[in-house]
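Trainee: The structure under discussion is supplied below as structure tokens; questions concerning it will follow.
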Amino acid sequence: AVRLDTYVENLPARRLYERYGFTDLGCHTLTYEGTDLNQFHLFEYLLSSGV
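Residue numbers for the sequence shown follow this note's numbering, beginning at 2 and rising by one.
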């Protein structure tokens, strides 16, 4: 699987990921050092077993 996250207010990225087949796993709290951002949408794209 390929997993990505994007800031909750980054609508262009969220739409792009969904357009390319990523599943939105919902909003989660993550912390990244050096930033005040903490609410992110997590996305997942499942690869075929033949890869």
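C-beta: ideal position from N, C-alpha, C; glycine also.
1) Reducing DSSP to helix, strand and coil, say where Leu43 ends up.
2) Buried or exposed: where does His29 fall if 16 or more other Cβ atoms within 10 Å of its Cβ makes it buried?
3) Would you kindly work out how many angstroms separate the C-alpha atoms of Ala2 and Leu38, rounded to a whole number?
4) Go ahead and pull the three-state DSSP assignment for Leu5.
5) Which same chain residues, not among the five before or five after Gly22, have their C-beta less than 8 Å away from its C-beta?
Mentor: Taking the coordinates as given:
1) strand
2) exposed
3) 25 Å
4) strand
5) Tyr46
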